[in-house]
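> Structure below; questions to follow.
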Amino acid sequence: MLDIILHSITPLVPISPAAIEEIGCHISQDVRNHANDRLSSLTKREKQVLQLIVTGNSNKVTAFLLKIAQRSVENHRANIIRKAGAKSQCELICLYIASVNKGLIADLVYQR
Numbered sequence: 492m493l494d495i496i497l498h499s500i501t502p503l504v505p506i507s508p509a510a511i512e513e514i515g516c517h518i519s520q521d522v523r524n525h526a527n528d529r530l531s532s533l534t535k536r537e538k539q540v541l542q543l544i545v546t547g548n549s550n551k552v553t554a555f556l557l558k559i560a561q562r563s564v565e566n567h568r569a570n571i572i573r574k575a576g577a578k579s580q581c582e583l584i585c586l587y588i589a590s591v592n593k594g595l596i597a598d599l600v601y602q603r
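This is the structure we're talking about:
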C-alpha cells in the first residue's frame, strides 16, 4: 500500500502534512524509533538532497535546483542511503516520513 501512495505523489509537489500523517500510521514502530539515529548524521546538503528525492525529483532536477553538478547529487544520494542504512528508496522515504512525523527533521525544508 505504501508503494502505491508514494508512486502517486507528483514530482515537485511537497508531501502534505496530512499525507505524511496518513503514511506515518503504516510505518512500523521499529522504523520510527530508529529514524532519528539513522538520519542524524546527514549533512545539511544531504538533507536538502533527501527532501528533493522524496518529493520525486530526478538527480538532474535536484542538481539544477541546488546549483550543483549531477554527479555531486549522485554522490550525496549514495552517502544518504549508506548513512541511513536503507535497502531501497522506499525505505529511505519511510525513514524521512517517520522523522518528519516525530518532528526530528523539521529542518529539511528546501530553501531556495
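So the sequence shown is numbered by the numbering used here: it starts at 492 and just counts up by one. Backbone N, C-alpha and C define an ideal beta-carbon position, used for all residues, glycine too.
1. Below 8 Å on the Cβ atoms is my guess for I544 versus R568; work out the distance and round it to an integer in Å.
2. Note the first and the last residue of the continuous alpha helix (DSSP H) segment covering N548.
3. In this structure, how does DSSP classify T553 when only helix, strand and coil are distinguished?
4. Going by DSSP in three states, S563 sits in which element: helix, strand or coil?
5. Three-state secondary structure (DSSP) at L608?
6. Do you know whose CA, among V591, T546, Y587, F555, lies nearest I438's CA?
7. Going by beta-carbon coordinates alone, are E565 and N548 separated by less than 8 Å?
8. Assuming A575 and S563 form a contact by the criterion Cβ under 8 Å, report the distance between their Cβ atoms to the nearest whole angstrom.
9. Could you tell me which of V540, S532, N527 sits nearest to Q561, measuring between CA atoms?
10. Can you list, in chain order, the residues of its chain whose CB lies under 7 Å from that of L533, leaving out five sequence neighbours each side?
11. CB A589 to CB L583, shorter than 8 Å?
12. With a threshold of 7 Å on Cβ separation, who are the neighbours of A536 within its own chain once the five nearest residues in sequence on each side are excluded?
With the structure as the only source:
1. Position 53 of the sequence shown, counted from the first residue, corresponds to residue 544. Position 77 of the sequence shown, counted from the first residue, corresponds to residue 568. At roughly 7 Å, the Cβ-Cβ gap stays under 8 Å, so I544 and R568 are in contact.
2. Residue mapping note: residue 548 aligns to position 57 of the sequence shown, counting from 1. That residue, N548, is in no alpha helix (DSSP H); it is neither H nor E in DSSP.
3. By one-based count along the sequence shown, residue 553 stands at place 62. If DSSP states are grouped into helix, strand and coil, T553 belongs with the helices.
4. Here the question's residue 563 lines up with position 72 in the sequence shown. Three-state result, S563: helix.
5. This structure cannot speak to residue 608, because the chain is shown only from 492 to 603.
6. The shown model of the chain, from 492 to 603, leaves out residue 438, and the question about it has no answer.
7. By one-based count along the sequence shown, residue 565 stands at place 74. By one-based count along the sequence shown, residue 548 stands at place 57. Their beta carbons are not under 8 Å apart, which means E565 does not touch N548 by this criterion.
8. Here residue 575 corresponds to residue number 84 of the sequence shown, with the count starting at 1. Here residue 563 corresponds to residue number 72 of the sequence shown, with the count starting at 1. Not really, about 18 Å apart at Cβ, beyond 8 Å.
9. Reading the sequence shown from its first residue, position 70 is the one you call residue 561. The candidate whose alpha carbon is nearest that of Q561 is V540.
10. Counting from one through the sequence shown, the residue named residue 533 turns up at place 42. Excluding sequence neighbours, L533 sits near L541, I571, K574.
11. In the sequence shown, counting from the first residue as 1, residue 589 sits at position 98. In the sequence shown, counting from the first residue as 1, residue 583 sits at position 92. Contact: no.
12. Counted from its first residue, the sequence shown places residue 536 at position 45. The question names Ala, but residue 536 is Arg in the sequence shown. Cβ within range, chain order: H567.
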